[in-house]
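K.L.:
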Amino acid sequence: MSTTDQSQKSLHNDLANLSLKDSNRPNGSNNTQDGAAAPKARPKGKYIPPYLRGKPTFASQTSDDSLVDDPAESPNFPPRAANYSQTRDKSFPASRPDNLDPNYRGAGPRDNFPQSRFNSQNDNPAFNRNTTWSGRNDTRFNRPQRNNFLGMWAKGKHFPGQRNPKYEFTLFGPPDGVEHTGINFDKYDDIPVEASGPNVPPPITNFEDASLNSLLAENISLSGFLTPTPVQKWSIPICSAQRDLMACAQTGSGKTGGFLFPILNFAFDIGPPDDRENENVPGISLRQKIAMPIALILSPTRELATQIYDEARKYCYRSWVRPCVVYGGADINQQIIGAKRGCDLLVATPGRLVDMIQRGVISLKYIQFLVLDEADRMLDMGFEPQIRRIVEQEDMPGVHLRQTLMFSATFPKNIQILARDFLKEYVFLSVGRVGSTSENITQKIEYVEEEDKFSALIDILNSQPDQGLTLIFVETKKMADILHSHLISQSFQCCSIHGGRTQSEREYALESFKNGRAPVMVATAVAARGLDIPNVTHVINFDLPSDIDDYVHRIGRTGRAGNVGIATSFFNRGNRNIVRGLVGILKDANQEIPSWLNIVLRESYDFGYSKTAPRGRGRGGYGGGSSRDYRENTKGAKFNHRSKSTANVRSGADQYGNRGSNPGANSSYGYGGAPPMYGPDSGSSWF
DNA sequence: GACTGGT
1 MSTTDQSQKS LHNDLANLSL KDSNRPNGSN NTQDGAAAPK ARPKGKYIPP YLRGKPTFAS
61 QTSDDSLVDD PAESPNFPPR AANYSQTRDK SFPASRPDNL DPNYRGAGPR DNFPQSRFNS
121 QNDNPAFNRN TTWSGRNDTR FNRPQRNNFL GMWAKGKHFP GQRNPKYEFT LFGPPDGVEH
181 TGINFDKYDD IPVEASGPNV PPPITNFEDA SLNSLLAENI SLSGFLTPTP VQKWSIPICS
241 AQRDLMACAQ TGSGKTGGFL FPILNFAFDI GPPDDRENEN VPGISLRQKI AMPIALILSP
301 TRELATQIYD EARKYCYRSW VRPCVVYGGA DINQQIIGAK RGCDLLVATP GRLVDMIQRG
361 VISLKYIQFL VLDEADRMLD MGFEPQIRRI VEQEDMPGVH LRQTLMFSAT FPKNIQILAR
421 DFLKEYVFLS VGRVGSTSEN ITQKIEYVEE EDKFSALIDI LNSQPDQGLT LIFVETKKMA
481 DILHSHLISQ SFQCCSIHGG RTQSEREYAL ESFKNGRAPV MVATAVAARG LDIPNVTHVI
541 NFDLPSDIDD YVHRIGRTGR AGNVGIATSF FNRGNRNIVR GLVGILKDAN QEIPSWLNIV
601 LRESYDFGYS KTAPRGRGRG GYGGGSSRDY RENTKGAKFN HRSKSTANVR SGADQYGNRG
661 SNPGANSSYG YGGAPPMYGP DSGSSWF
């Protein structure tokens with residue numbers, strides 16, 4: 001950046017500060033009239049950190065770089081766009097300067113806070129040995145300046161932590177919220193939503209309707225969300241009515257918020273279970289502690305787990321709820337310490353979670369919310385035994401004692417039937433894409449023989465514009481590596497992600513893809529689902545998946561909410577098995593269907609491929625027809641859960657097969673020359 | 001049949 005740029009920028013900032021802070025200023029020091037001619041008029045000694053410049057509230061309060069002691073004093077609090085009326089929690093102190101609770105440790109006046117632990121006030125929970133509060137022995141509470149944003153629950157009340165501008169910056173990014181999910185809010189009204197099931201609660205239209213906890217509402221607005229997305233409009237009231245939910249919605253349509261908001265709303269208002277015993281023992285050591293989360297979110301990949309956790313951290317800000325994430329491939333001891341320090345909302349991948357449960361670090365006995373993200377993947381043949389083990393064979397409360405929420409972009413019928421085991425009378429929700437598929441994603445199918453794929457790919461990469469990210473999907477880890485090195489040799493800035501790489505390699509690759517250092521990424525199925533990567537303009541299916549739902553998830557990495565995207569797929573004889581589903585999706589999305597593809601389609605009827613085409617596609621619905629409530633087509637069993645008709649439906653499940661352990665044996669470990677580590681049966685020897 | 005997922 002040139003020096004002129006810089007000086008212009010600081011001029012701009014100064015002017016912004018001047019005009020905004022004008023009324024606060026002592027007389028004469030900065031008069032706008034003179035000020036215009038004096039660009040260097042920033043008051044000396046007052047350093048304003050870059051991310052706060054031009055922001056009236058914090059800038060004026062933190063101009064000496066000290067923390068805001070009492071944000072409630074600020075007339076403009078909260079400083080960012082917040083159109084919530086704080087109706088519900090009348091005692092919430094931060095917004096009510098006149099109503100400060102003397103026990104409130106966070107934003108309350110410092111004078112009321114005991115100076116030493118020997119001067120204990122009996123009514124201050126933090127220093128009364130007889131009272132119990134979650135995290136009582138958590139030493140983080142004893143460092144008032146560094147972690148003063150941590151809230152707590154004590155004596156049946158929620159005591160939010162202080163606001164902390166620096167931490168807010170790391171959590172929420174720049175205050176203008178440049179870095180939002182890229183969702184085009186204007187398009188939201190067009191989105192079709194279907195809800196089915198008995199007594200579906202009506203949707204809300206804005207966050208005020210949901211009467212959210214005021215702290216949660218603030219965190220949501222800090223994150224830059226002003227109106228609920230279509231999924232959220234429905235899922236928030238459904239979850240708040242304590243109903244189970246099966247929701248079909250594109251990731252990036254606000255799914256994560258769709259379950260985090262109602263869960264946290266509940267948690268903020270109700271607090272932790274009073275009898276989480278290990279927290280009530282005075283002087284218990286970290287070593288003896290057991291993490292007892294109230295909410296568990298399961299994810300099929302590590303990257304998705306991290307992504308959900310990062311979201312959760314935002315909404316948990318200043319609250320008593322400690323989010324926590326646990327996944328494989330990373331140091332387990334760090335994760336154990338993290339979980340023991342505080343774990344109220346746990347995001348996890350299945351394998352590592354089971355490990356932690358076996359080690360006695362985590363107990364699921366207080367789970368009140370179970371969320372399966374990408375639920376169709378979680379319940380298909382590879383994952384189902386693990387999920388079943390976690391949900392049914394550990395100490396998790398039964399289906400009637402917890403609330404279960406499932407989210408995915410696709411819900412094939414056989415998975416819906418499987419999912420009944422984990423749900424009680426549930427609502428089925430189907431939300432269309434943000435903007436229709438036809439507008440957002442241009443789907444091209446090209447006939448490319450196996451041996452021509454490399455050169456076809458190079459041609460495509462060379463002919464496309466430079467800006468934007470390109471995601472290339474392949475079927476195998478081996479092919480991912482081959483293609484990766486091939487592209488490198490052709491001097492493309494390229495990275496690759498697949499399950500055979502170490503976790504740090506995976507994270508590094510994803511990071512450099514996101515920030516554009518390597519605008520081309522080769523990926524296996526690990527990146528197909530849920531990952532929210534802004535600016536992916538092109539998805540290339542170098543190999544088409546054999547399951548059409550995977551296709552839907554893959555192309556969903558582009559054209560995210562409001563942006564346009566292209567999806568190119570290489571098709572050849574080997575892909576005949578998905579031709580029906582593919583044509584169905586292209587039709588649904590009003591895409592051009594190449595004439596040769598129609599010929600292949602007809603062949604597929606002649607040769608009986610239709611049998612293998614999964615789950616009869618081609619009807620309406622969003623993203624291929626896997627998004628309908630199967631109960632609507634089940635005569636006599638409609639919405640009649642766990643009744644005698646259950647037996648019929650369940651025996652029907654057998655005809656779909658696909659249940660039980662992974663028949664793939666040692667396949668996934670065979671790659672890379674290393675012998676399977678856990679015996680020849682490793683595919684199913686997990687448990 | 002490969003992909004995901006614990007040491």
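One point on numbering: in UniProt numbering, the residue at position 348 of the first sequence is 348, and numbering is uninterrupted. Glycine is no exception: its CB is placed at the ideal position from the N, C-alpha and C atoms.
Rounded C-beta distance between Ala291 and Ile362? I'm assuming under 8 Å.
P.N.:
5 Å
K.L.:
What is the rounded straight-line gap between the Cα of Gly173 and the Cα of Trp596?
P.N.:
Taking the straight line from one Cα to the other gives about 49 Å.
K.L.:
Quick one: using the 10 Å Cβ neighbour count with 16 as the cut-off for buried, is Gln416 buried or exposed?
P.N.:
buried
K.L.:
Who are the Cβ neighbours of Val431 in its own chain at under 6 Å, not counting the five residues just before and after it?
P.N.:
Val193, Pro230, Val231 and Ala249
K.L.:
Can you tell me the Cα-Cα spacing of Ala518 and Asp543, whole angstroms?
P.N.:
21 Å
K.L.:
Grouping DSSP H, G and I as helix and E and B as strand, with all else coil, what is Trp153?
P.N.:
strand
K.L.:
Is the CB-CB distance between Thr301 and Val325 below 8 Å?
P.N.:
Cβ atoms of Thr301 and Val325: not closer than 8 Å.
K.L.:
Can you pull the DSSP bridge partners for Asp244?
P.N.:
Tyr426
K.L.:
Helix or strand or just coil, what does DSSP make of Met378?
P.N.:
Correct three-state label for Met378: helix.
K.L.:
Quick one: what's got a C-beta closer than 7 Å to Lys233's C-beta in the same chain, skipping five residues either side?
P.N.:
Pro203, Ile204 and Thr205
K.L.:
Kindly indicate which three-state DSSP category Gly574 falls into: helix, strand or coil?
P.N.:
Three-state DSSP puts Gly574 in a helix.
K.L.:
Buried or exposed: where does Tyr630 fall if 16 or more other Cβ atoms within 10 Å of its Cβ makes it buried?
P.N.:
buried
K.L.:
For Gly235 and Ile599, what's the separation of their Cα atoms in angstroms?
P.N.:
Looking at the sequence shown, residue 235 is not Gly but Ser. Ser235 and Ile599 have their C-alpha atoms spaced approximately 43 Å apart.
K.L.:
For Gly559, which residues from the same chain have a beta carbon less than 6 Å from its beta carbon, with the 5 sequence-adjacent residues on both sides left out?
P.N.:
For Gly559, where only same-chain residues beyond five positions count, the Cβ hits under 6 Å are Asn440, Ile441 and Gly565.
K.L.:
Under 8 Å by Cβ, that's how I've got Gln368 and Arg313 pegged, so tell me the actual separation to the nearest angstrom.
P.N.:
Rounded, the Cβ-Cβ distance is 20 Å, inconsistent with contact.
K.L.:
Can you give me the C-alpha to C-alpha distance between Gln493 and Asp532, rounded to a whole angstrom?
P.N.:
When rounded, the separation of the alpha-carbon atoms in Gln493 and Asp532 is 21 Å.
K.L.:
Give me the Cα-Cα distance between Asp466 and Gln334, rounded to the nearest whole angstrom.
P.N.:
40 Å
K.L.:
If I follow the unbroken alpha helix (DSSP H) through Asn541, where does it start and stop?
P.N.:
Here Asn541 belongs to no alpha helix (DSSP H); instead the beta strand (DSSP E) covers Val536 to Asn541.
K.L.:
Would DSSP call Lys340 helix, strand or coil?
P.N.:
helix
K.L.:
On the premise that Met246 lies in contact with Ala419, defined as a C-beta separation below 8 Å, what is that separation, rounded to the nearest angstrom?
P.N.:
6 Å
K.L.:
In this structure, how does DSSP classify Asp390 when only helix, strand and coil are distinguished?
P.N.:
Residue identity check: residue 390 is Ile in the sequence provided, not Asp. The answer is helix: DSSP assigns Ile390 an H, G or I state.
K.L.:
For Leu601 and Gly197, what's the separation of their Cα atoms in angstroms?
P.N.:
36 Å
K.L.:
Between residue 688 and the rest of its own chain, which residues show a CB-CB distance below 6 Å, the 5 nearest in sequence each way excluded?
P.N.:
Lying outside 1 to 687, the shown extent of the chain, residue 688 is not represented and no answer is given.
K.L.:
Could you please give the first and the last residue of the uninterrupted beta strand (DSSP E) stretch that includes Glu451?
P.N.:
Segment: none, Glu451 is in no beta strand (DSSP E) and carries neither H nor E.
K.L.:
Would you list the residues sitting across from Cys495 in a DSSP beta bridge?
P.N.:
Met521
K.L.:
Might you give, ordered along the chain, the residues of its own chain that have their beta carbon closer than 7 Å to the beta carbon of Ile308, omitting 5 neighbours on each side?
P.N.:
Thr256, Ile297, Ser299, Val347 and Asp373
K.L.:
Distance, Cα to Cα, Ala195 vs Leu264?
P.N.:
23 Å
K.L.:
Just the Cα atoms here: how many angstroms apart are Asn515 and Gly283?
P.N.:
45 Å
K.L.:
Bridge partners of Gly565, per DSSP?
P.N.:
Ile441
K.L.:
Identify whether Ser196 lies in helix, strand or coil by the three-state DSSP scheme.
P.N.:
Here Ser196 sits in strand by DSSP.
K.L.:
Within the continuous beta strand (DSSP E) that includes Thr256, where are the two ends?
P.N.:
Here Thr256 belongs to no beta strand (DSSP E); instead the alpha helix (DSSP H) covers Lys255 to Ile270.
K.L.:
So, are the CB atoms of Asn541 and Phe513 less than 8 Å apart?
P.N.:
no
K.L.:
Taking three-plus beta-carbon pairs below 8 Å as touching, is the segment 546-554 in contact with the segment 496-506?
P.N.:
no
K.L.:
Taking the alpha-carbon of Glu446 as reference, which of Asn572, Asp275 and Gly328 has the nearest alpha-carbon?
P.N.:
Asn572
K.L.:
Let me know if Leu304 comes out buried or exposed under the rule of 16 or more other beta-carbons within 10 Å of its beta-carbon.
P.N.:
buried
K.L.:
Tell me Phe407's beta-bridge partners as DSSP assigns them.
P.N.:
According to DSSP, residue pairing for Phe407 in a beta bridge involves Ala247 and Asp373.
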